[in-house]
Amino acid sequence: MSISRREAIILGGAAALAAASTAGCGRVATEVRRRKKIEPWREPTDPKTTRLLDRMTFGWSADEEATYVSLGHQAYIDKQLKADFEEPVDLNFQLAGLDCLRMQSAELMDIQRERVIFELQCAAILRATYSPNQLKERMVDFWSNHFNIYSEKKDGAFFKSAEEEDIIREHALGSFKEMATKMSKCPAMLLYLDNEQNAKEHPNENYARELLELHTLGIYGGYSQKDIQEVARCLTGWKVEDRHMLSQKQFPPVAQGSFRFDAKAHDDGMKVVLGHTIPAGGGIKDGEKVLEIVVNHPSTSKYLAKKLVMFFTGSRSDSLERVVDQAYRTSNGNIAAMVRPILLSEELNTGDPIIRRPLDFICAALRRGAAITDGGPDIQRYLRKLGQPMYEWPMPDGYPVDQLSWANTILPRWQFAYDLSFGKIANTTIRAEAMPLISKIVGEGSGLTPERMRLLASHIAAPQFQYM
Amino acid sequence: MSRRSALKLGALGLVPWLLSSSALSQVKIDSKRRGHTLVVLFLRGGSDGLNMLVPYNEDAYYRARPSLAIPKPNDARVAENLRGVKVNDHFALHPSLRPLKKWYDQGTMALVHAVGSQDMTRSHFEAMSAMERGASNGISGEPSGWLARYLNKTKSQEDTPLRAVAWANTMPDSLRGAPSPMVVQSINDFQLNTDKDFLEMLKDQYSGHGSQSPSLVHSAGSQTLEALAKIEKLDPKNYKASGGAIYPATNIGQGFREVASLLKSDLGLEIACLEDTGWDSHFAQGGNIGIHANNLNSVATTVDAFLTDLGPKAKEITLIVMTEFGRRVEENASLGTDHGRASVMMAFGDVDGGKIHGDWPGLEKHQLDSVGDLKPVNDYRKVLTQFLAPKMPEIANVWV
């Protein structure tokens with residue numbers, strides 16, 4: 022009896038979890054990578070290039086630098102801003118094996134939560150490590166944390182995938198306005214920040230507050246508690262459809278798990294939001310007007326400019342933030358337009374070192390060692406040990422970026438460095454060519470020896486590798 | 002070129018900014034620790050507060066619990082060691098808690114009755130969720146833990162890798178969202194499975210480099226190496242508790258011994274979370290003997306050993322023993338008790354001890370809530386703030 026692919030996933034359980042990564046698609050990818058020509062181990066030589074690549078990508082590698090050099094500074098940056106590189110066949114094969122990325126939320130609910138998160142996390146690691154569109158992947162990481170969703174709360178896990186694929190990945194270097202607006206109707210967000218409970222009789226301000234404080238204006242953006250309450254009123258009735266189609270008594274019916282405007286729960290009175298009067302009787306337009314107001318608010322572009330400048334340069338810079346703020350306003354909220362001046366700035370070189378979060382660190386190590394990985398359960402275990410299991414940060418502010426929050430998990434990083442280099446991580450290997458040489462004499466010490474492994478391990482465990 | 006110099010040239014030579022940046026503070030290895038540690042023991046399942054601290058002068062208690070009630074301190078029909086241990090004219094401790102009486106008399110132990118949250122569901126999940134998140138009830142949307150918020154508010158350069166440690170299989174919700182909390186089954190999990198040569202390389206890389214100011218990661222690394230060395234020596238078989246203290250061979254016994262050994266090793270432990278399960282006594286709970294009594298005995302002997310072992314260092318800790326809810330006043334048909342709301346909280350260390358704090362709502366029918374439960378008139382957040390604020394002022398601001 023043959024069972025469908027989908028049934029196999031549902032029945033799969035733990036065995037499938039592990040097998041997913043080594044099944045057909047994974048084996049092809051591994052073989053392709055094993056045969057790919059790679060640059061042999063070398064140290065980064067030019068601090069400026071190293072800094073640029075460390076900040077634009079998930080970690081400097083000799084291969085990335087070769088690409089940079091062949092294209093030239095400006096062209097490389099432009100291509101990254103456009104996310105114009107062709108995705109390699111091996112990565113596509115691996116991603117093709119992760120069905121959860123393409124399934125509807127309602128379908129995903131039949132699958133074990135752990136399996137869904139496993140596949141999302143697998144995709145994140147693989148893309149961050151292997152996608153040539155590195156800047157896009159860095160921005161996906163940035164926005165995913167900016168619009169943080171805790172997948173363990175309610176059914177977040179099942180909605181996270183669509184949110185990540187359709188909203189974040191779609192607009193990571195594109196329109197912030199579109200991203201924020203779509204996010205307001207995204208079931209994952211409505212569930213996480215409780216807006217699906219926001220109704221006229223019992224308003225819930227959680228999403229309204231975070232929309233202003235974390236997503237758009239920022240905490241110093243000049244909104245009041247009254248504004249939050251008024252925004253909450255505008256967003257009453259913005260829910261997730263939880264009824265079956267047959268009981269919806271409307272045509273056309275709305276799919277379960279998608280956005281639904283419940284007019285009966287909506288507070289239809291007049292509201293005043295950030296000085297704008299929203300007349301009574303607006304229905305769903307009230308909330309839509311709020312999104313329009315906040316994405317166009319002057320504080321929003323300032324707040325985003327500050328965050329982006331900090332993310333790439335590691336420091337504040339009034340002048341650069343002004344440029345980025347201006348770029349938002351002249352480009353109608355285009356993210357690539359905001360990021361470009363940062364990448365071309367002097368502040369990128371002079372800014373403080375930025376600590377690598379666990380995902381950054383692990384992917385930087387994988388890239389540095391030209392590792393071949395399946396992004397599977399074993400390597401994901403390290404991501405958890407290091408403190409950044411993806412989509413599990415409970416608060417809406419996203420995983421912290423400051424040193425203090427991460428410096429004290431140095432021990433598991435050392436363990437990872439050693440285990441990676443000594444081949445102790447299942448389905449994750451480093452080729453001999455990618456290991457540091459012990460001797461300057463060509464040919465000598467070129468085999469896979471413990472000494473070379475140890476040298477690689479100490480390089481990854483080093484204090485300076487913890488920073489970008 | 003030697004391996005060592007190859008490492009130095011390659012790694013450090015090209016990133017001078019890392020070592021000289023003024024934005025990275027200078028951190029001394031032997032920095033001052035905060036001088037106080039909070040230890041939280043969570044009794045999961047709902048420990049029966051009415052039998053922990055017995056209102057022995059109230060008839061209502063004995064009417065409600067013909068089988069489970071604890072005998073009065075002066076009940077001559079019962080062996081003395083099986084009677085309640087008199088605390089005052091109103092309350093007595095469960096006989097299994099006798100080892101803690103001397104701490105109470107010394108002023109090292111404080112008690113509060115009728116402690117609970119505003120959660121009305123009587124669901125383990127909801128009530129624990131409320132308490133671990135510092136919320137009033139279980140449906141609060143707040144996903145981070147109360148201890149996590151405290152740790153975030155007070156994080157500093159002086160923090161060590163062992164600032165917050167939980168002895169559990171999974172991260173307790175109270176620590177969810179904290180910066181770098183550790184979750185261990187034993188502190189010996191804090192180890193490096195590598196080789197001697199690699200460890201030597203780490204020591205080279207992470208030692209302070211003379212006049213150059215080390216980065217935060219440098220100092221975290223040094224502290225980690227120091228902690229590794231100390232913890233290696235803390236082999237349970239070799240640990241000698243002070244004052245003749247003997248820890249029971251239970252999970253919490255071993256956990257507390259590790260907490261004590263960490264405290265004595267000055268490794269910067271500020272928050273320790275431990276838990277004990279098996280407190281959901283629906284069935285055959287037992288009174289002065291039985292399941293609940295054994296559980297209480299385990300806690301009492303553990304805490305007694307812990308405080309004895311710490312000796313004068315007990316002034317540097319606050320130990321809180323809490324549970325998500327108490328149990329129904331009336332015993333049930335299975336000689337157990339059903340879920341209630343209010344229970345007892347115990348606090349040890351540098352606390353206002355030797356007394357029972359808070360209000361007592363009473364056990365008469367009109368004083369109980371509509372279901373027949375003791376009313377949680379002492380909100381757990383107020384009680385925790387009362388005990389912890391003197392040493393941890395920020396705790397007043399973590400509640401949601």
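Just so you know, the sequences run in chain order A and B.
Take the first sequence: its letters are residues 22 to 489, numbered as in the numbering used here.
Take the second sequence: its letters are residues 2 to 401, numbered as in the numbering used here.
Glycine included, every Cβ here is placed at the ideal spot set by N, Cα and C.
What you are looking at is a predicted structure, and each value in this text was computed from that prediction instead of being measured.
(request) Please find out if some non-hydrogen atom of the ligand FAD comes closer than 8 Å to the beta-carbon of residue 484/A. (result) This structure simply doesn't include the ligand FAD, nor any ligand for that matter.
(message) Rounded to the nearest angstrom, what separates residue 66/B and residue 331/B at their Cα positions?
(response) The alpha-carbon atoms of residue 66/B and residue 331/B are separated by roughly 6 Å.
(message) I'd like to know if residue 408/A contacts chain B, where contact means its C-beta is closer than 9 Å to some C-beta of that chain.
(response) For residue 408/A, the closest Cβ of chain B is nearer than 9 Å.
(message) Would the segment 262-276 of chain A count as touching the segment 286-299 of chain A if we require 3 or more Cβ pairs under 8 Å?
(response) Cβ pair count under 8 Å is below three, so no.
(request) Quick one: residues in its chain with C-beta nearer than 7 Å to the C-beta of residue 249/B, no 5 flanking neighbours on either side, listed in chain order? (result) Result list for residue 249/B: 299, 302, 303, in chain order.
(request) Starting from residue 436/A, find everything on chain B with Cβ-Cβ shorter than 8 Å and list it in chain order. (result) For a Cβ distance threshold of 8 Å, residue set 193, 194, 195 of chain B lies close to residue 436/A, ordered along the chain.
(request) Taking only beta-carbon positions, decide if residue 219/A is within less than 9 Å of chain B. (result) No, residue 219/A lies away from the interface with chain B (no Cβ there is under 9 Å from its Cβ).
(message) Taking the straight line between their C-alpha atoms, what separation do you get for residue 163/B and residue 255/B?
(response) Going from the Cα of residue 163/B to the Cα of residue 255/B covers about 18 Å.
(request) Check each residue of the segment 421-436 of chain A: if its Cβ is closer than 8 Å to any Cβ of chain B, include it; give the result in chain order. (result) Answer set for the segment 421-436 of chain A: 421, 424, 425, 426, 427, 428, 429, 430, 431, 432, 435, 436.
(request) Look up residue 192/A in the DSSP assignment and say whether it is helix, strand or coil. (result) Of the three classes helix, strand and coil, the one that applies to residue 192/A here is helix, per DSSP.
(request) List the residues that DSSP assigns as beta-bridge partners of residue 92/B. (result) Paired residue(s): none; residue 92/B is not in a bridge.
(request) Find the residues of chain A that neighbour residue 148/B, judging by a C-beta separation of less than 7 Å, and give them in chain order. (result) At a beta-carbon threshold of 7 Å, none of the residues of chain A lie near residue 148/B; the nearest stands roughly 13 Å away.
(request) Kindly indicate which three-state DSSP category residue 154/A falls into: helix, strand or coil? (result) The answer is coil: DSSP assigns residue 154/A none of H, G, I, E or B.
(request) Could you tell me whether the segment 71-90 of chain B touches the segment 302-321 of chain B, using the rule of 3 or more Cβ pairs below 8 Å? (result) Under the 8 Å Cβ criterion, the segment 71-90 of chain B does not count as touching the segment 302-321 of chain B, having fewer than three qualifying pairs.
(message) I need the DSSP call for residue 359/A, collapsed to helix, strand or coil.
(response) Residue 359/A falls in the helix class under three-state DSSP.
(request) Could you check if residue 90/B is buried or exposed, using at least 16 other CB atoms within 10 Å of its CB as the buried criterion? (result) Flag for residue 90/B reads exposed.
(message) Is the beta carbon of residue 317/B closer than 9 Å to that of residue 38/B?
(response) Closer than 9 Å, so yes.
(request) Starting from residue 218/B, find everything on chain A with Cβ-Cβ shorter than 8 Å and list it in chain order. (result) Near residue 218/B (Cβ distances below 8 Å), the residues of chain A are 376, 424, 428, 431, 484, 487, 488.
(message) Cutting at 6 Å between CB atoms, please list the residues of its own chain near residue 111/A, excluding the five before and the five after it.
(response) Around residue 111/A: 50, 53, 54.
(request) Please state if the CB of residue 196/A and the CB of residue 353/A are separated by a distance shorter than 9 Å. (result) The criterion of a C-beta distance shorter than 9 Å is satisfied by residue 353/A and residue 196/A.
(request) Would you tell me roughly how many angstroms separate the C-alpha atoms of residue 112/B and residue 104/B, rounded to the nearest one? (result) CA-CA distance, residue 112/B to residue 104/B, rounds to 11 Å.
(request) Check whether the Cβ atoms of residue 328/B and residue 139/B sit closer than 9 Å, and answer yes or no. (result) Taking 9 Å as the Cβ cut-off, residue 328/B and residue 139/B do not qualify as a contacting pair.
(message) Please return the same chain residues whose Cβ sits closer than 7 Å to the Cβ of residue 308/B, not counting the five positions on each side in sequence.
(response) Residues 104, 109, 315, 349 of the same chain have their beta carbon placed closer than 7 Å to that of residue 308/B, with the five preceding and five following residues left out of the count.
(request) Taking residue 478/A as the query, report the chain B residues whose CB atoms sit under 7 Å from its CB, ordered along the chain. (result) Going along chain B in sequence order, the residues near residue 478/A (Cβ under 7 Å) are 199.
(request) With DSSP collapsed to three states, give me the class of residue 43/B. (result) It is a strand residue.
(request) Decide if residue 268/A is buried, meaning its Cβ has at least 16 other Cβ atoms within 10 Å, or exposed. (result) Answer is exposed; the Cβ neighbour count stays below 16.
(message) Going by DSSP in three states, residue 418/A sits in which element: helix, strand or coil?
(response) DSSP places residue 418/A in coil when its eight states are reduced to three.
(request) Measure the C-alpha to C-alpha separation of residue 131/A and residue 123/A and round it to an integer number of angstroms. (result) Residue 131/A and residue 123/A have their alpha carbons spaced roughly 14 Å apart.
(request) Whole angstroms is fine: what's the gap from residue 156/A's alpha carbon to residue 129/B's? (result) Roughly 42 Å between the two C-alpha positions.
(request) Over the uninterrupted alpha helix (DSSP H) stretch that includes residue 104/B, give me the two end residues. (result) Residue range 102-107 is occupied by the alpha helix (DSSP H) that includes residue 104/B.
(request) Take every Cβ of the segment 181-200 of chain A, pair it with every Cβ of the segment 135-150 of chain A, and state whether three or more of those distances are shorter than 8 Å. (result) Three or more Cβ pairs closer than 8 Å define a contact, and the segment 181-200 of chain A meets that threshold against the segment 135-150 of chain A.
(request) Could you give the DSSP three-state label for residue 318/B: helix, strand or coil? (result) In this structure, residue 318/B counts as strand in the three-state DSSP scheme.
(request) For residue 416/A, return the contacting residues in chain B, with the cut-off set at a CB-CB distance below 7 Å. (result) What residue 416/A touches in chain B: 144, 145, 178.
(message) Taking the beta carbon of residue 6/A as the centre, do at least 16 other beta carbons fall within 10 Å, making it buried, or is it exposed?
(response) Outside the shown range of chain A (22 to 489) lies residue 6/A, about which nothing can therefore be said.
(request) Could you check the C-alpha separation between residue 323/A and residue 329/A for me, to the nearest Å? (result) Distance between the alpha carbons of residue 323/A and residue 329/A is about 10 Å.
(request) Using a Cβ-Cβ cut-off of 9 Å, state whether residue 89/A counts as contacting chain B. (result) Residue 89/A does not count as touching chain B.
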